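Below: the structure, in structure tokens.
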Amino acid sequence: SQTIHQWPATLVQPVGSPLSLECTVEGTSNPNLYWYRQAAGRGLQLLFYSVGIGQISSEVPQNLSASRPQDRQFILSSKKLLLSDSGFYLCASRQGRLKAFFGQGTRLTVV
Amino acid sequence: DQQVKQNSPSLSVQEGRISILNCDYTNSMFDYFLWYKKYPAEGPTFLISISSIKDKNEDGRFTVFLNKSAKHLSLHIVPSQPGDSAVYFCAASEVGSQGNLIFGKGTKLSVKP
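One line per chain: the protein sequences are A and B, in this order. When the letters of the first sequence are read in order and numbered with our numbering, they come out as residues 1 to 111. When the letters of the second sequence are read in order and numbered with our numbering, they come out as residues 112 to 224.
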């Protein structure tokens with residue numbers, strides 16, 4: 001089965017600072033990759049998905065961006081964080097119609 | 112507009128009894144449904160899924176029921192155990208949607224000993 005590695009597990013960043021969250025996938029090739037955010041009191045909101053290297057689609061307008069430099073690497077970035085970017089960020093991998101596997105998540109607090 | 116709705120934010124059940132978690136959806140193009148379980152500060156873990164060609168799928172203590180005409184699915188946990196206490200997310204995906212999973216807001220289940 002697939003293993004999703006996400007780091008860091010927790011992060012506290014000041015408003016206006018940059019962000020880079022990394023996700024790598026083991027046990028599969030050419031997966032669809034996803035970034036989700038779980039904000040306080042809300043469900044899992046899909047932020048970005050990627051069907052291949054260099055291919056990124058955004059689901060919601062936001063202050064964040066994503067990149068996929070390698071088949072099994074997915075990066076979430078921001079040039080300047082906002083308070084509203086705080087939340088629990090999850091990377092997920094899915095192949096075809098099978099179940100999606102999730103990483104352990106990153107708790108981001110913007111102060 | 113939410114396409115997947117879990118209208119009960121929380122549910123409390125006595126150990127040994129049945130837990131029933133409900134989920135409604137609006138998009139008739141959804142053809143695959145999944146339930147995930149999530150503990151605090153961890154990623155969701157897959158529980159059980161069902162294709163739209165079925166109306167029931169069972170795996171141990173977990174059973175998912177799908178009512179396509181009502182656009183409703185439910186997860187039954189029997190018997191409920193204290194370790195089942197977690198947030199449960201319903202998710203759906205649409206044919207040809209790049210495999211994107213659309214999640215509900217979750218239901219927090221508390222199983223009391």
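Note that the Cβ used here is the ideal one computed from N, Cα and C, for glycine as well. All values reported here derive from a predicted model rather than from experimental measurement.
Residues that DSSP places opposite residue i in a beta bridge
{"i": "R94 (chain A)", "result": "A:N32"}
{"i": "I161 (chain B)", "result": "B:F144"}
Cβ neighbours of residue i in the same chain (closer than 7 Å, five flanking residues each side left out)
{"i": "N63 (chain A)", "result": "S78, L82 and D85"}
Residue i vs residue j beta-carbon contact at 9 Å
{"i": "V124 (chain B)", "j": "L220 (chain B)", "result": "yes"}
{"i": "R151 (chain A)", "j": "L90 (chain A)", "result": "Past the edges of chain A, shown from 1 to 111, lies residue 151 (chain A), and the structure says nothing about it."}
{"i": "C23 (chain A)", "j": "Q73 (chain A)", "result": "yes"}
{"i": "I161 (chain B)", "j": "Y147 (chain B)", "result": "no"}
{"i": "V198 (chain B)", "j": "K149 (chain B)", "result": "yes"}
{"i": "T137 (chain B)", "j": "Q117 (chain B)", "result": "no"}
{"i": "E153 (chain B)", "j": "Q45 (chain A)", "result": "no"}
{"i": "L76 (chain A)", "j": "S65 (chain A)", "result": "yes"}
{"i": "L33 (chain A)", "j": "L108 (chain A)", "result": "no"}
Same chain, Cβ closer than 6 Å to residue i, neighbours up to 5 away in sequence not counted
{"i": "A202 (chain B)", "result": "L145, L212 and F214"}
{"i": "Q13 (chain A)", "result": "L81 and V110"}
{"i": "S67 (chain A)", "result": "I75"}
{"i": "T10 (chain A)", "result": "R107"}
Own chain, CB closer than 8 Å to residue i, minus 5 neighbours either side, in chain order
{"i": "P193 (chain B)", "result": "E126, V222, K223 and P224"}
{"i": "T156 (chain B)", "result": "Y147, K148 and K149"}
{"i": "V206 (chain B)", "result": "M140 and D142"}
*Mind listing, in chain order, the continuous beta strand (DSSP E) runs of no fewer than 3 residues lying wholly within the segment 10-72 of chain A?*
10-13, 19-26, 32-38, 44-52, 55-58 and 65-70
_By the 7 Å beta-carbon criterion, what residues does the segment 35-54 of chain A contribute toward chain B?_
For the segment 35-54 of chain A, which is checked against every Cβ of chain B, the residues closer than 7 Å are R42, G43, L44, L46, Y49 and V51.
*If you measure beta-carbon to beta-carbon, which residues of the segment 153-182 of chain B are closer than 8 Å to chain A?*
E153, G154, P155, T156, F157 and S160
*With 7 Å as the limit, tell me which residues of the segment 141-152 of chain B have their beta carbon closer than that to any beta carbon of chain A; keep them in chain order.*
Y143, L145 and A152
*Could you please tell me which residues of the segment 74-105 of chain A, in chain order, have their CB closer than 9 Å to any CB of chain B?*
Hits within the stretch, in order: F88, L90, C91, A92, R94, Q95, G96, R97, L98, K99, A100, F101, F102, G103, Q104 and G105.
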